[in-house]
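Student: Here it is: the structure, laid out below.
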């Protein structure tokens, strides 16, 4: 995704090429997306693996609406499938040009390989060269499955705080619009790590990625971003939280910065039956 991460959506996700304007995902994320052919560097993924991924995702998100959380057994089923995926199953390999920084003078550019989306769910792969960053963003009303296929990255995620720590009397929102958030995850993940799942209200709904090495992250999310539904992607700046007893690293103030994040979008060939 040029595409603007406005999913994940994630987060991260190009617009549905067959959807009506009403059903299109976030315009902030997709404002300047142009349809592009798949890169010649991509390899052809096995049809069976892609079909299983599509069929399982469709079943898990068959009732998807904003705020929808799949049943636990459905979450476990899709997560287990993603845990077993290898790069060749989805048609990628580390030697592809999208995992290299072509411009040494600027920040490494992220590429999004778009496989499928509809009003219920979408899935695709974020390709990050070493040191590339996907900035802190949210996933309004969405459940998102993330699996690293290769490489290593640092993941930091937050959920909105329900109360101030240690019975502190500070409000949950400042006069300038910053909101208090609690750290959910602050760790390094690689291909051996299991699928992470974030939910509309918990699990690290706001997150950012920093590539320690070139890496690939597969996202399955539902429902996709949709500006018309008031579910556009927002980006945030972090600042330390100071309680009455001093600093508290478990919390930060997050303030929306009204920026966008531009990625290169690549439309992948659809090698499965819809």
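Residue numbers (this note's numbering): 1297 to 1570.
For each residue, glycine too, the CB sits at the ideal point set by N, CA and C.
Quick caveat, the model's predicted, so the values are computed rather than measured.
What residue does the beta strand (DSSP E) around residue 1562 start on, and which one ends it?
Tutor: As a position in the chain shown, residue 1562 is number 266, starting the count at 1. Element bounds for residue 1562: 1557-1563.
Student: Going by beta-carbon coordinates alone, are residue 1349 and residue 1388 separated by less than 8 Å?
Tutor: Residue mapping note: residue 1349 aligns to position 53 of the chain shown, counting from 1. Residue mapping note: residue 1388 aligns to position 92 of the chain shown, counting from 1. Against a cut-off of 8 Å, the Cβ pair of residue 1388 and residue 1349 comes out as no contact.
Student: Grouping DSSP H, G and I as helix and E and B as strand, with all else coil, what is residue 1356?
Tutor: As a first step, residue 1356 must be located in the chain shown, where it is residue number 60. It is helical.
Student: Going straight from the alpha carbon of residue 1565 to that of residue 1411, what length do you get?
Tutor: If you number the chain shown from 1, residue 1565 lands on position 269. If you number the chain shown from 1, residue 1411 lands on position 115. C-alpha separation (whole angstroms): 7 Å.
Student: Looking only at its chain, what residues have a beta carbon closer than 7 Å to the beta carbon of residue 1347, apart from the 5 residues adjacent to it on each side?
Tutor: In the chain shown, the residue the question calls residue 1347 occupies position 51. Only 1568 and 1569 meet the Cβ criterion.
Student: Per DSSP, what kind of secondary structure is residue 1350 in: helix, strand or coil?
Tutor: Here residue 1350 corresponds to residue number 54 of the chain shown, with the count starting at 1. The three-state reading of DSSP puts residue 1350 in helix, counting H, G and I together.
Student: Is the beta carbon of residue 1379 closer than 8 Å to that of residue 1491?
Tutor: Numbered from 1 along the chain shown, position 195 holds the residue referred to as residue 1491. Numbered from 1 along the chain shown, position 83 holds the residue referred to as residue 1379. Going by C-beta atoms, residue 1491 is nearer than 8 Å to residue 1379.
Student: Thinking C-beta only, is residue 1428 closer than 8 Å to residue 1404?
Tutor: Here residue 1404 corresponds to residue number 108 of the chain shown, with the count starting at 1. Here residue 1428 corresponds to residue number 132 of the chain shown, with the count starting at 1. Their beta carbons are under 8 Å apart, which means residue 1404 touches residue 1428 by this criterion.
Student: With 16 as the cutoff for other CB atoms within 10 Å, does residue 1470 come out buried or exposed?
Tutor: Locating residue 1470 in the chain shown gives position 174, counting from the first residue. Per the 10 Å Cβ criterion, exposed.
Student: According to the neighbour-count rule (16 or more other Cβ atoms, all chains shown, within 10 Å of its Cβ), is residue 1353 buried or exposed?
Tutor: Within the chain shown, numbered from 1, the residue matching residue 1353 stands at position 57. Buried is the label assigned to residue 1353, since at least 16 other Cβ atoms lie within 10 Å of its Cβ.
Student: Can you tell me which of 1415, 1439 and 1384 puts its alpha carbon nearest to the alpha carbon of residue 1370?
Tutor: Translated into positions along the chain shown, residue 1370 becomes position 74. For residue 1370, the nearest C-alpha among the options comes from 1439.
Student: Which of the three DSSP states, helix, strand or coil, is assigned to residue 1545?
Tutor: Within the chain shown, residue 1545 is the residue found at index 249, counting from 1. Of the three classes helix, strand and coil, the one that applies to residue 1545 here is strand, per DSSP.
Student: Per DSSP, residue 1539 forms a beta bridge with which residues?
Tutor: Residue 1539 sits at position 243 when you count from the first residue of the chain shown. In DSSP, residue 1539 forms a bridge with 1542.
Student: Under three-state DSSP, which class holds residue 1442?
Tutor: Reading the chain shown from its first residue, position 146 is the one you call residue 1442. Residue 1442: strand per DSSP, three-state reduction.
Student: What three-state label does DSSP hand residue 1372 in the structure shown?
Tutor: Translated into the one-based positions of the chain shown, residue 1372 becomes position 76. Residue state, collapsed to three classes: helix.
Student: Hey, residue 1453 and residue 1514: beta-carbon distance below 8 Å or not?
Tutor: The residue you call residue 1453 lines up with position 157 of the chain shown. The residue you call residue 1514 lines up with position 218 of the chain shown. It is not a contact, given that the beta carbons lie outside the stated cut-off.
Student: From the DSSP secondary-structure annotation, give me the bridge partner or partners of residue 1507.
Tutor: Translated into positions along the chain shown, residue 1507 becomes position 211. Residue 1507 pairs with 1449.
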